[in-house]
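Taken in sequence, the protein lines are chains P and V.
For the first sequence, the numbering used here gives the first residue as 1, with consecutive numbering after it.
For the second sequence, the numbering used here gives the first residue as 1001, with consecutive numbering after it.
For each residue, glycine too, the CB sits at the ideal point set by N, CA and C.
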Amino acid sequence: GNTKPPHDEL
Amino acid sequence: VLLLKIHATKNCSGVSLKTQELYAIVFVTRYLDLLFSFISLYNTIMKLIFIGSSACIIWYIRFHRVVSQTYDREQDTFRVIFLILPCLLLGIFINHEFTITEILWTFSIYLEAVAILPQLVLLQRTKNVDTLTGNYVFLLGGYRALYLLNWIYRFLTEPGYRQWIVWISGTIQTAIYCDFFYYYFQSWRRNEKLSLPS
């Protein structure tokens, strides 16, 4: 799985 | 907590400049997205606070006339290049997307996992750890440990939510604190000053 997760954490 | 301590006591003994500089690298490389994406006002403000507070701490330790005199220069000798280089290589080879910003973001995730190490080594070398410094390390580790709960909660409530790089790095990061947590609670229970065994 190379889908980029959203970077919504600090 | 650390900035207030340094500002109020004008003393930074037992505080690792190396760890603070690693954190500055972590925050700057991760929060590049301040320039091109917006998550929430909270998210943006916290990013600015993290970058700003670590920059302030570094300035105090390096340049403040009084504070810089109290820096444990001879004890804070961790070779950070041995952390930075492997994390950079790991970021280049194990990432979600082969772009500059994504590689830097991934590098920051890996580097944050180990950024506390120079501070822990310095604490171990310090005979009587300042209560505020001990509390700072405890809060930093505790803050990160709470992410584990947050990830479980999000996994259970948000369909498709998963981020293996962050999860594994964050778990390692929290594990590194385990030893410290043990001695922190022990000294707290016995009402003694914190000191880590060498």
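Practice task
Name, going along the chain, the residues of the stretch 1103-1118 of chain V whose beta-carbon falls closer than 8 angstroms to a beta-carbon of chain P.
Solution key: Residues W1105.
Problem - Beta-carbon proximity of F1063/V to C1087/V, cut-off 8 angstroms - result: Judged by their CB atoms, F1063/V and C1087/V are not nearer to each other than the 8 angstroms cut-off.
Exercise for the section: Drop a sphere of 10 angstroms on the beta-carbon of Q1020/V, count the other beta-carbons inside from all chains shown, and report buried for 16 or more, exposed for fewer. Expected result: Per the 10 Å Cβ criterion, buried.
Exercise for the section: Please list the partners that I1039/V has in chain P, where partner means a Cβ-to-Cβ separation under 7 angstroms. Expected result: Result: D8.
Handout entry: Own chain residues within Cβ distance below 8 angstroms of I1058/V, not counting five before or after
Key = So the qualifying residues of the chain are L1017, Q1020, E1021, A1024.
Problem - Given 8 angstroms, three or more beta-carbon pairs between the stretch 1117-1137 of chain V and the stretch 1181-1198 of chain V - result: A contact exists between the stretch 1117-1137 of chain V and the stretch 1181-1198 of chain V.
Practice task
Kindly say whether Q1202/V, judged by its beta-carbon, lies nearer than 8 angstroms to any beta-carbon of chain P.
Solution key: Residue 1202/V lies beyond the range of chain V shown here (1001 to 1198); nothing can be said about it.
Practice task
Could you check what DSSP says for V1129/V in three-state terms: helix, strand or coil?
Solution key: Residue state for V1129/V is assigned as coil, using DSSP reduced to three classes.
Exercise for the section: Using three-state DSSP, classify Y1071/V as helix, strand or coil. Expected result: Here DSSP, grouped into helix, strand and coil, assigns Y1071/V to coil.
Exercise for the section: Whole angstroms is fine: what's the gap from N1011/V's alpha carbon to K4/P's? Expected result: Taking the straight line joining both Cα atoms gives about 43 angstroms.
Problem - V1137/V, DSSP secondary structure in three states - result: It is helical.
Practice task
Starting from E1158/V, find everything on chain P with Cβ-Cβ shorter than 7 angstroms and list it in chain order.
Solution key: E1158/V does not reach chain P, its nearest Cβ partner there being about 11 angstroms away, counting only Cβ pairs nearer than 7 angstroms.
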